[in-house]
Amino acid sequence: MARRLPRKDAVIIGLGWTGSILAHELTQAGLDVVAIERGPWRDTASDFPISYAQDELRYRLQHQLFLQPAQTSVTFRNNAGQTALPARNWGAFMLGNGVGGGGLHWNAETFRFLPSDFVLRSHLTQRYGDKFLPEDMTIQDWGVTFADLEPHYDEFEYLCGTSGTAGNVNGQILEGGNPFEGPRSRPYPTPAQKQGYGHTLFAEAAKQLGYKPYPQPSGNLSQSYTNPLGVTLGQCTFCGFCEWFGCANNSKATPQTTILPVLLRKPNFEARTESEVTRINLDRSGKWATGVTYVTSSGEELEQPADLVLLCAFQLFNVQLLLLSGIGTPYDPQTGNGQIGRNFTHQTMSSAVAFFDKDKYNFNPFIASGAIGMCIDEFNGDNFDHSQLGFVGGGYIGQVRTNGRPLESMAVPSGTPAWGLKWKHALRDNYLSSMTLGGACHASFQSYRDVYLDLDPTYKDRFGRPLMRLTIDLHDNELKMSAFLTDKYAEILKQMGAKEVIKQPRKGPYDITDYQTSHLCGGAIMGESPDNSAINRYLQSWDVPNLFVQGATAFPQNAGYNPTGTVGALAFWSAKAIVLQYLKNPGPLVHA
Amino acid sequence: MHRINRRQLLPSSALALLMVSPAARATIIKGGLPWRPGSADPPTVVTPGGWHYFTSQEAATVEAFVDRLIPPDPQTPGGKDCGCAVFIDRQLAGPYGRAESMYMMGPFQPGTKQQGPQSPLTPAQQYRKALAALDAACRSKYGGKGFADLSDQQKDEVIEGLEHDAFKLDGFDGQSFFHTILTDTRNGFLADPIYGGNKDMAAWKMIGFPGTHYDYRDWIDRHNQTVTLPTVSIYSHPSWSQQ
Chain A
32 MARRLPRKDA
42 VIIGLGWTGS
52 ILAHELTQAG
62 LDVVAIERGP
72 WRDTASDFPI
82 SYAQDELRYR
92 LQHQLFLQPA
102 QTSVTFRNNA
112 GQTALPARNW
122 GAFMLGNGVG
132 GGGLHWNAET
142 FRFLPSDFVL
152 RSHLTQRYGD
162 KFLPEDMTIQ
172 DWGVTFADLE
182 PHYDEFEYLC
192 GTSGTAGNVN
202 GQILEGGNPF
212 EGPRSRPYPT
222 PAQKQGYGHT
232 LFAEAAKQLG
242 YKPYPQPSGN
252 LSQSYTNPLG
262 VTLGQCTFCG
272 FCEWFGCANN
282 SKATPQTTIL
292 PVLLRKPNFE
302 ARTESEVTRI
312 NLDRSGKWAT
322 GVTYVTSSGE
332 ELEQPADLVL
342 LCAFQLFNVQ
352 LLLLSGIGTP
362 YDPQTGNGQI
372 GRNFTHQTMS
382 SAVAFFDKDK
392 YNFNPFIASG
402 AIGMCIDEFN
412 GDNFDHSQLG
422 FVGGGYIGQV
432 RTNGRPLESM
442 AVPSGTPAWG
452 LKWKHALRDN
462 YLSSMTLGGA
472 CHASFQSYRD
482 VYLDLDPTYK
492 DRFGRPLMRL
502 TIDLHDNELK
512 MSAFLTDKYA
522 EILKQMGAKE
532 VIKQPRKGPY
542 DITDYQTSHL
552 CGGAIMGESP
562 DNSAINRYLQ
572 SWDVPNLFVQ
582 GATAFPQNAG
592 YNPTGTVGAL
602 AFWSAKAIVL
612 QYLKNPGPLV
622 HA
Chain B
2 MHRINRRQLL
12 PSSALALLMV
22 SPAARATIIK
32 GGLPWRPGSA
42 DPPTVVTPGG
52 WHYFTSQEAA
62 TVEAFVDRLI
72 PPDPQTPGGK
82 DCGCAVFIDR
92 QLAGPYGRAE
102 SMYMMGPFQP
112 GTKQQGPQSP
122 LTPAQQYRKA
132 LAALDAACRS
142 KYGGKGFADL
152 SDQQKDEVIE
162 GLEHDAFKLD
172 GFDGQSFFHT
182 ILTDTRNGFL
192 ADPIYGGNKD
202 MAAWKMIGFP
212 GTHYDYRDWI
222 DRHNQTVTLP
232 TVSIYSHPSW
242 SQQ
């Protein structure tokens, strides 16, 4: 029997980006808030100090800052005809664990989505007609617009100190930025980062081909910056150990470097770490949350009553907790009914490896930051005419190589044996003069009727709870798009002077062992009506109005950008609605 | 060696332990950042000498194997002298070898390639089984000689056979073992020397990776120039006294 703790105004499940933002906003409004986090406290001095943060084996290959599959995993299958099997090790995506969540180990690419991304179905059907989209594609409008979110994108960028070059300020197109971006109310808080040789060469080649390259918006800061909370970040030193690693420099925007130093000093906030929420409790009506039950690492079960529940875990675990708590109706792929688990998406990644003459090119690939790089947006979203292409969607294309870490930088030209002296010498002769990376084409992933999440019937976690089951495969739309984008990227590499380019478009079937990104989305999406969404435009559950579900869980489909900027903007947008509307009159903010 | 977990240490003013049981690690953080001196979690550095997991026969096989995967040349030592077998031995003797981080709950059943490996055996158990099967297969084909005693040409024949699934092992998927030992050997060759391979940073020097510097601000604008900084590893910066 769980021991019952004193009531709090609000309980937050998971202390990553969204949990930290919500905790800050709600404590500012005077609420007494507790955050319950599955993983440990993590910080620079103890977990990734400058003396050993740059350990590729430990952090990149052995995932020491992440959730361990032994704690909990997922099962996976390509289609409902297969038996899902557990991921025994991580592959296609990485799941954060501990204070900071994914915000600790990310590369800090801080994008905004395009205005058309938020009204995707209306936009595409208006431009291309009713019959253009595949019948089983279940994309929809978000219920929120770019204009709604712009002030909150701004808030997140100024919290982080994002380094970038604006392309559109209040409708005025500016040289050097991304001319396709939605209008922003003011420039980035800090100028773009400097670029390495490869990134610069890519931008020059892209310009020669008529594109408008822009620096990738970066949460690795170009200069030191003090944010509106009074927290100061340092200047990025291009160490080349960013994603999968903690920043030893305090120069990557994370909850630790932007919010937590202020939040943790507030008398009306506390964090409980190494404590895992096992369910959200409901009253007898089933329509009101009474708090959460959680288990500490010593095995004690506790109940935390609260008036307001903020579900701020990683996307998969948000959906899992909704299903385990009996909130909403599980999605049924046969009938299309039910909202929990529906419209699960990932990211469609592809690349090409390029080899250059080693006597003329030395890219020094190890000089890099997590979000360094030059990109083009000509083939993102609906920035280009799809009418003759046979697919919708797109992505940014960029030279965004983040590192020269040796274990991840073993590309050799085609025809090289996998071992022996020839391999060894090919490695020696190409390390400095090749261009490799996973994410050159970072593209959208539309939602489909047969791609979804539910609870696995066989495999359990260490508490005996069912694992999440992922049923996911790549559809023709994404495969065609990926081939198209990869061709465009390869053309730019050739223009740069590459002597060999090996294209690597995304191929099916979806493979759980092959790292893509950690951008899993959907499963409890936002929308205009409970008939086609789990949460309303303020991220409030349609079923349980004192529950708000944060994060990329809300995305009806995934756009051609990294999601964190949008996740941060949605958190601020939702927090504002809670503080200004909900707290005055607790109940549904949108009437169905 | 058993290291005291830093989260079992005494609380500071900013960090109060939940007193629910002596083993409790769950913490309440309130009133400030919970930083305490001496709470860092440095890597475990491999110490030389002896085998921690392999038997001497297994070690001989692995040393012979890694030296064919990455042979020596006049400029750079091969897999054996770089310590790749020591690296694999220490990895198998540690948490990786015991599959400590992996999801190891059953049922175990074969799946598709896309679903990933589903073996109930730990990496250490897999090596033990595969190495025994490899030696047995070599003895039966090469007149009683184990892998380590074959000529270089014969060793390459066997490795090629494993790679292309032509040289079969009894009770073990030889091709999958080839991929495992190839990956582990490359990792030993190129990982930080604190893990037992990449002796004297030989592999980093060979490819031109200057190691674990943390600041390239002086170099970001120097496009297409050779970085002249000395090669350093986590515990080998000239100004550090560790090791």
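Quick note, the sequences are listed as chains A and B, same order.
Its first residue numbered 32, the first sequence is counted upward by one per residue in our numbering.
Its first residue numbered 2, the second sequence is counted upward by one per residue in our numbering.
A virtual CB, placed ideally from N, CA and C, is assigned to each residue, including glycine.
Neighbourhood of residue i by C-beta, 6 Å cutoff - its chain only, sequence neighbours within 5 removed
{"i": "A/T285", "result": "G131, G134, L135"}
{"i": "A/T544", "result": "G122"}
{"i": "A/G50", "result": "I43, A66, C343"}
{"i": "B/A61", "result": "A149"}
{"i": "B/E64", "result": "K81, A86"}
Interface flag, residue i vs chain A, CB-CB below 7 Å
{"i": "B/S57", "result": "no"}
{"i": "B/G209", "result": "yes"}
{"i": "B/I30", "result": "yes"}
{"i": "B/T213", "result": "yes"}
{"i": "B/P245", "result": "An answer regarding residue 245 of chain B cannot be provided, because it is not within the stretch 2 to 244 covered by chain B."}
{"i": "B/L70", "result": "yes"}
{"i": "B/H165", "result": "no"}
{"i": "B/L191", "result": "yes"}
{"i": "B/S40", "result": "yes"}
In DSSP terms, what residue i is bridged to
{"i": "B/S120", "result": "Paired residue(s): none; B/S120 is not in a bridge."}
{"i": "A/P336", "result": "A/G322"}
{"i": "A/E331", "result": "A/E331 pairs with nothing; no bridge assigned."}
{"i": "A/V384", "result": "A/I533"}
{"i": "A/L518", "result": "According to the sequence displayed, residue 518 of chain A carries Asp and not Leu. Answer is none; A/D518 lacks a bridge partner."}
{"i": "A/R35", "result": "A/E334"}
Residue i at chain B interface by Cβ criterion, 7 Å
{"i": "A/K39", "result": "no"}
{"i": "A/I428", "result": "no"}
{"i": "A/N604", "result": "The identity of residue 604 of chain A in the sequence shown is Trp, whereas the question assumes Asn. By this cut-off, A/W604 is not an interface position."}
{"i": "A/R303", "result": "yes"}
{"i": "A/W275", "result": "no"}
{"i": "A/Q378", "result": "no"}
{"i": "A/R310", "result": "no"}
{"i": "A/N299", "result": "no"}
{"i": "A/L57", "result": "no"}
{"i": "A/T268", "result": "yes"}
Under the three-state DSSP convention, the category residue i falls into
{"i": "A/R432", "result": "coil"}
{"i": "A/A399", "result": "strand"}
{"i": "A/I523", "result": "helix"}
{"i": "B/S141", "result": "helix"}
{"i": "A/V293", "result": "helix"}
{"i": "A/I672", "result": "Lying outside 32 to 623, the shown extent of chain A, residue 672 of chain A is not represented and no answer is given."}
{"i": "A/N616", "result": "coil"}
{"i": "A/A474", "result": "strand"}
{"i": "A/K389", "result": "coil"}
{"i": "B/M202", "result": "helix"}
{"i": "B/K114", "result": "helix"}
{"i": "A/G528", "result": "coil"}
{"i": "A/L484", "result": "strand"}
{"i": "B/R223", "result": "coil"}
Cut-off 8 Å between Cβ atoms - residues of its own chain near residue i, not counting five sequence neighbours on either side
{"i": "A/V200", "result": "P214, R215, S216, R217, P218"}
{"i": "A/L438", "result": "E87, L88, R91, L92"}
{"i": "B/P211", "result": "W205, V228, L230, P231, T232, V233"}
{"i": "A/V598", "result": "W48, T49, Q581, G582, A583"}
Residues near residue i by beta carbon distance below 7 Å, same chain, minus five either side
{"i": "A/G250", "result": "A139, T141, C191, T193, K283, A284, A402"}
{"i": "A/E212", "result": "R143, G198, N199"}
{"i": "A/T169", "result": "N374, S478, Y479, R480"}
{"i": "A/Y242", "result": "I407, E409"}
Continuous alpha helix (DSSP H) assignments of at least 4 residues falling wholly in the segment 148-226 of chain A: 151-159, 177-191
Ranges of the beta strand (DSSP E) found wholly within the segment 48-95 of chain A, counting only runs of at least 3: 64-67
Contained alpha helix (DSSP H) runs [length at least 4] in the segment 145-200 of chain B, N- to C-terminal order: 153-164, 175-191
4 or more residues per run - each alpha helix (DSSP H) lying fully within the segment 55-90 of chain B: With a minimum length of 4 residues, the continuous alpha helix (DSSP H) runs that stay inside the segment 55-90 of chain B are 57-70, 80-83.
Every unbroken alpha helix (DSSP H) inside the segment 435-471 of chain A [4 residues or more]: 452-461
Segments of 3+ residues assigned as beta strand (DSSP E) that fall wholly inside the segment 553-597 of chain A: 578-580
Ranges of the beta strand (DSSP E) found wholly within the segment 226-312 of chain A, counting only runs of at least 3: 300-304
Runs of beta strand (DSSP E) lying entirely within the segment 87-111 of chain B, each at least 3 residues, in chain order: Within the segment 87-111 of chain B, no complete beta strand (DSSP E) run reaches 3 residues.
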